[in-house]
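The structure appears below as structure tokens.
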Ligand code: AMP
Ligand code: GLY
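Residue numbers (the working numbering): 7 to 433.
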């Protein structure tokens, strides 16, 4: 089959590496891709939000199956456009992707299906939202959480420790519109405390099956301090989720969601990524994403021993029940290398050297994110998160050591990484 992957991050690179191994894969395309993906797939500069352009590309190139990486094209209805054109696709419809693209919709599904989640209210009026914050903060909770309803590149959530902070977040979202229309509606929810972890389930519209668990590090600096990023590293599986809890998460969160989405006439086909807080009262749902996590995927896929392409195809064809899902017992860990200044402003076009040294290291994988080939043929940085190095080993401590050995072999003056990925799990 001719396959297309949509996206340009380390997530898409890791998906490309797994898909390319499948005997079902003939030609592999990626739009727009990056310098690393271009080594194994044919990349073309078509933007991920150009749904029409992507459908035309598929028709021209004879693409038979499309795997959509990021949330933006899902929220724009790329999966719908491809299906209408008769092209198979892994990724939910626009209506089903609302589980990620509208926090108000997601919370309404939580209410309908009775999922364990934070207590909340939604608002489209700034004054009413402010009143509610003041009322809630009067009882002195540890914090309150303000979330823009729509997509905001991972920046739409504020965990406010004071009423002042919460009202500032409301003003920025609803009055100053720093997230555009995504912040014209908000939800305000109860603060949950505990350890965060994620569960990924594959769904074919009717059935959901557990795929993997992972934990990531969102904060930019060591010790989980500093501003939030897309993710600075991850490990899989998540030691905080044992077998019994996993069963509980599938029964209380994932399966009821898939059922509810069906009832709503919005069957979910793709990967359902549940962001959870493991509280003292058990796992609670914080958010859904309608796609694979980045960098969680880079820690999950090196562990997968089944054919990823076969699995994703099974989802798109409604026959997930019969597909084998097998993983290595070994854990994996990945470290993101980002441009200096990220998640704020950063330079682009800085040359990255010694990548070949990483390629030879055992059980270590190098995935590219924001990279491109310069006119002179050098690999240069081209984004905030630039590289992701994954390692798989007998235990997480060894995987962590392997990953950092690889990071240290790279010669790039323009970047940095956290030095403590996995600290909660590595003793
Ligand atoms: P979300 O995009 O909803 O996952 O939120 C991003 C991050 O904000 C999460 O990974 C948590 O660290 C934090 N967060 C979101 N909702 C809550 C909550 N109700 N209580 C505590 N922290 C939260
Ligand atoms: N690493 C979090 C995400 O992909 O949204």
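Every residue gets a Cβ at the ideal spot worked out from N, C-alpha and C, and that includes glycine. Small disclaimer: the values here were computed from a predicted structure and weren't measured.
Closer than 8 Å is the cut-off here; do at least three beta carbon pairs connect the segment 80 to 96 with the segment 18 to 37? no
Looking at residue 227 and residue 239, is the spacing between their C-beta atoms short of 8 Å? no
Segments assigned alpha helix (DSSP H), at least 4 residues, entirely inside the segment 281 to 356: 302 to 306, 314 to 322
So which of 76, 371, 267, 263 has the shortest CA-CA distance to residue 280? 263
Would you report the Cα separation of residue 210 and residue 320, rounded to the nearest angstrom? 7 Å
Could you compute how far the alpha carbon of residue 274 sits from the alpha carbon of residue 267? 6 Å
For residue 146, count neighbouring C-beta atoms within 10 Å of its own C-beta (all shown protein chains included) and say buried if the count is 16 or more, exposed if not. exposed
Return helix, strand or coil for residue 46, following the three-state DSSP convention. coil
For the segment 164 to 234, list the beta strand (DSSP E) runs that are entirely contained and at least 3 residues long, ordered along the chain. 192 to 196, 201 to 210, 214 to 222, 225 to 227, 231 to 234
For the alpha helix (DSSP H) holding residue 136, just list the boundary residues, first then last. 132 to 143
Just reading off the beta strand (DSSP E) that residue 31 is part of, what are its end residues? That residue, residue 31, is in no beta strand (DSSP E); it is neither H nor E in DSSP.
Local conformation of residue 411 per DSSP, three classes: helix
Give me whichever residues DSSP pairs with residue 372 in a beta bridge. 395
Are the CB atoms of residue 245 and residue 399 nearer to each other than 8 Å? no
Do you know offhand how far residue 10's Cα is from residue 316's? 14 Å
Residue 16 and residue 297 - do their beta-carbons sit closer together than 8 Å? no
May I ask you to list the residues that DSSP assigns as paired with residue 279? 206, 295
Answer yes if the segment 194 to 207 comes into contact with the segment 289 to 306, meaning at least three C-beta pairs across the two stretches below 8 Å, and no otherwise. yes
Where residue 264 sits in the DSSP three-state scheme: helix
Simplified DSSP assignment, three categories, for residue 71: strand
Quick one: Cα of residue 161 to Cα of residue 395, how far? 24 Å
Taking 7 Å as the line, does the beta carbon of residue 239 fall inside it for any heavy atom of the ligand GLY? no
Residue range of the alpha helix (DSSP H) that residue 17 falls in? 16 to 26
Determine the contact status of residue 283 and residue 200, defining contact as a CB-CB distance below 8 Å. yes
In whole angstroms, what separates the C-alpha of residue 397 from that of residue 368? 9 Å
Looking only at DSSP bridge pairs, what is residue 95 linked to? 72
Grouping DSSP H, G and I as helix and E and B as strand, with all else coil, what is residue 10? strand
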